[in-house]
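Written out below as structure tokens is the structure these notes cover.
Number of protein chains: 2
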Amino acid sequence: MISETSPSAVPAEDETALRRTPSQKRSRERVEQILACATALIQEKGSDAMRMSEVAEKAGISIGSLYQYFPDKAAIVRTLAERYNAMCNECIAAELAKVTSLAELRDAFCVLFDIYYDMFLAEPVMRDIWSAMQADKALREIDLLQSRAGGKLLADVWARLVPETPRETIDSAAFLIMHLGDCTMRLAVSVDRAEGDRIVEAYKRMIIRDFVADGPGGGASPIDILGVRS
Amino acid sequence: MISETSPSAVPAEDETALRRTPSQKRSRERVEQILACATALIQEKGSDAMRMSEVAEKAGISIGSLYQYFPDKAAIVRTLAERYNAMCNECIAAELAKVTSLAELRDAFCVLFDIYYDMFLAEPVMRDIWSAMQADKALREIDLLQSRAGGKLLADVWARLVPETPRETIDSAAFLIMHLGDCTMRLAVSVDRAEGDRIVEAYKRMIIRDFVADGPGGGASPIDILGVRS
DNA sequence: TTGCAAATGTGAGAGATGCTCATGTTTGTT
DNA sequence: AACAAACATGAGCATCTCTCACATTTGCAA
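The listed protein sequences correspond, in order, to chains A and B.
Those letters in the first sequence? Residues 10 to 239, by my numbering.
Those letters in the second sequence? Residues 10 to 239, by my numbering.
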């Protein structure tokens, strides 16, 4: 799923997340084992209630061994978050690669957002991680970096389609769209399904209007006739 | 700031937040003292790093006394959050009361959002509380209730202006708009000021398009010509 | 004023959990 | 076989939230 230059079977997560880079096969397997057990425990009881002692026990290792690889509890969650992000980036890049017009951009956006919604609905662990996010500064940074990364993918395409719009306007709008997409997701999966669906649809409608002409806020939008500050 | 039926000088927070309802003047002052010290400590080091022992010490009371009034640490933060929410609701209701047309709705939205942005910029404690939010389930509930309350205020006005749109569509869209407003805020104040301003403007532009005609997604929007799922 | 019950105050410490570190064991290499 | 580096271990340290048995203060009625 993750394309890396490394020939290793283990995807190279952000190296700083691991306290010790495992060099022996045994320890590389152990890292995967830890992550798998942590995922199971998060699914079962949530990342907050997950205890490091439980992870160690379930993985059949000592607590000290656990801390040999992950500097703290948050690092485990962060590693899982980065894996999900990498998957998302692949999807986004693949879908946006086909876009050559504003109409296609709108279609691609709707397709991607539906995929994202389905992922959130199907992955309780992913939901939990994003919930736990705000509690952890480093995780919040990762989330913003992800929004920026996705935003850049979008802005690159968008800017080509509306060349006369200032690039920083597009960048900020794209960044915001990505970030609010995450927020919409978390909201949609926290209410009942019918309302969640309405919310997701409302978001998509809200956003695709920005892909109308002349960039964010441009075109035939009512902005032109309003006295908006700044 | 908070209008209550109670003649008491102390605003009646959600009673369930307090472990023991203070009946003597001394203890009522003490609750205020606790909240004031907690606010100062959050401003200084953040709610996460704030220690209950510090709050007690700064307030000049014992740790046991502290827990006499607040069942746990989160309850203090929750109480502060509810006070901010009450203030926000007053502003929203006041501004929306004047609205009699879609154009006025757009104007009111921009005014309110600017006020909100200024509040976020000026109140580090408020920012901290919303950051700590996702870590605490009860606080998250409060936040969603707040979005629902604000959403209802908006939906009531909006529905009157576009009577032919299904009410549940309006409700969900209004709810989403309020929630994403919070998300936009948190994002805007976490980046540098210039980008924060661009983000806030992008959000306002995005939203006021929904106040165009025929309700969310209605009117001359490109939605009509798109094959959107559901 | 005095007595008394209810309200309030106190702080040592119980309980829980993340994480460390000194020490022991395994692995790969020469 | 010998040895260094990598890896494993778990008792226990550090920290923090929150409790509880007991002391003190307050308001009020006699």
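Glycine is no exception: its CB is placed at the ideal position from the N, C-alpha and C atoms.
With the rule of 3 Cβ pairs closer than 8 Å, the stretch 147-165 of chain A counts as touching the stretch 173-191 of chain A. By the rule that beta-carbons nearer than 7 Å mark a contact, I70(A) does not touch chain B. Within the model, the alpha-carbon separation for M128(B) versus C100(A) is close to 38 Å. V64(A): member of the alpha helix (DSSP H) spanning 61-68, first to last residue. At a beta-carbon threshold of 9 Å, the residues of chain B lying near T193(A) are L185, H188, L189, C192, ordered along the chain. The alpha-carbon of D206(A) is positioned some 23 Å away from that of A112(A). Exposed is the label assigned to R169(A), since fewer than 16 other Cβ atoms lie within 10 Å of its Cβ. Selection F184(B), E204(B), S74(B), D201(B) evaluated against S156(B) yields F184(B) as nearest (Cα-Cα). Spatial neighbours of I216(B) in its own chain (CB-CB distance under 7 Å, excluding positions within 5 residues in sequence) are listed in chain order as F118, I186.
At a C-beta separation below 7 Å, S181(B) has these neighbours in chain A: E204, R207, I208, A211. Distance between L114(A) and A131(B), taken at the CA atoms: about 38 Å. The residue among Y78(B), L89(B), E66(B), E63(B) with its C-alpha nearest the C-alpha of R28(B) is Y78(B). Using a Cβ-Cβ cut-off of 7 Å, R218(A) counts as an interface residue toward chain B, since at least one Cβ of chain B sits closer than that to its own. Minimum Cα-Cα distance from I179(B) among the listed residues E210(A), V166(A), L154(A), E38(A) corresponds to E210(A).
At least one C-beta of chain B is nearer than 7 Å to the C-beta of L196(A). For P133(B), the enclosing alpha helix (DSSP H) has its first and last residue at 133-141. Among the CB atoms of chain B, none fall inside 7 Å of the CB of M59(A). Chain A places no beta carbon closer than 7 Å to that of M135(B), leaving this residue out of the contacts.
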